[in-house]
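Working notes for the structure below.
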Amino acid sequence: MNSAVASAWLPGGAGAAGEGAAVRLFCFAHAGGGASAYRPWRAAAPPGVEVRPVVLPGRESRVRELPFRRVEQLLDPLCEALEPFLDRPYAFFGHSLGSLLAYEVARRFSAGPGRGPELLVVSGRRAPRLPTDRRLFSTLPDAEFLAAMAGLGGTPPEVLGEPQLLNLMLPTLRADFELNETYRPLAGPRLRCPIAAYMGADDPEVSAPELLAWSGETTGEFTMRVLPGGHFYLKDEPDDVLGAVRQDLARVLDRDHTQPRLAA
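Under the working numbering, the first residue of the sequence shown carries the number 25, and numbering increases by one thereafter.
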């Protein structure tokens with residue numbers, strides 16, 4: 025994959041941490057989200073952590089590209105774009121829909137011949153193998169679909185109040201929800217790397233037992249954190265979330281004496 029195509033998935037360069045970072049943290053956003061969801065993280069990244077938000081087709085700088093509707097179709101081009109950036113210890117963070125993408129990408133690289141991820145952090149999403157009878161959003165009429173989006177709180181008010189922006193974003197939002205609702209875990213072994221699972225204490229979309237079930241997705245260590253806030257708790261207190269991520273990364277890297285440590 026050429027550098028121009030790769031940079032479409034990972035825009036913005038290395039950020040403040042630059043080439044000297046001890047660990048590269050790839051971040052996957054919620055449904056309809058993109059790199060902007062993690063802009064505060066790039067500015068406030070702790071020493072030694074390079075935050076690299078992933079932008080999927082259909083949003084932000086890629087708004088004119090068709091969004092993916094199935095994880096199976098997305099995984100190959102996504103992993104191909106990330107592969108050149110796995111030249112140092114790396115980890116994945118995903119929120120809501122982004123959790124399942126981070127999970128499947130982590131599984132792909134964990135099972136491959138190269139360096140596997142140091143850590144997977146999932147946020148605001150129930151474990152992937154739990155049965156569900158939840159309502160399907162992707163097939164709702166527009167008015168009901170948009171009302172549901174407003175209720176979740178992840179879509180900016182300026183988008184919900186602007187018809188032109190809504191018309192531009194609606195296909196991507198629907199595609200993301202279809203991707204989420206049709207997802208079933210792909211075949212393959214459990215992860216070897218540790219998993220850290222986060223949620224907001226008042227999140228109506230995931231319960232503590234549903235989050236705890238992520239522990240069955242790895243043969244490694246499992247950590248669970250419940251932080252103040254609702255489903256989008258990480259938007260309200262980014263420093264607290266980044267601090268938790270840094271602690272979990274530092275614990276993993278410090279245990280492996282072959283890897284560089286994060287600065288104190």
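Don't be surprised by glycine CBs; every beta carbon is placed ideally from N, CA and C. Since we're looking at a predicted model, the values are computed, not measured.
Secondary structure at Y257: helix, using DSSP grouped into helix, strand and coil. In chain order, R131, A135 place their CB closer than 7 angstroms to the CB of G212, counting only its own chain and leaving out the 5 sequence neighbours on each side. In this structure, A55 lies near F201, with their beta-carbon atoms less than 9 angstroms apart. Per DSSP, reduced to three states, the secondary structure at L110 is coil, with no helix or strand assignment. In terms of CA proximity to I219, S123 leads the group L80, S123, P70, E104.
Residues of the same chain with a CB within less than 6 angstroms of the CB of G254, apart from the 5 flanking positions on each side, are G224, D226, D227 in chain order.
DSSP, reduced to helix, strand and coil, places R76 within a strand of the structure shown. Judged by their CB atoms, W33 and A105 are nearer to each other than the 9 angstroms cut-off. Inside the segment 112-193, DSSP marks whole alpha helix (DSSP H) runs of 4 or more residues at positions 121-135, 166-176, 181-184, from first to last along the chain. Under the three-state reduction of DSSP output, T242 falls in the strand class. Rounded to whole angstroms, S60 and E84 show a C-alpha spacing of 8 angstroms.
In this structure, the beta-carbon distance from C217 to F117 does not fall below 9 angstroms.
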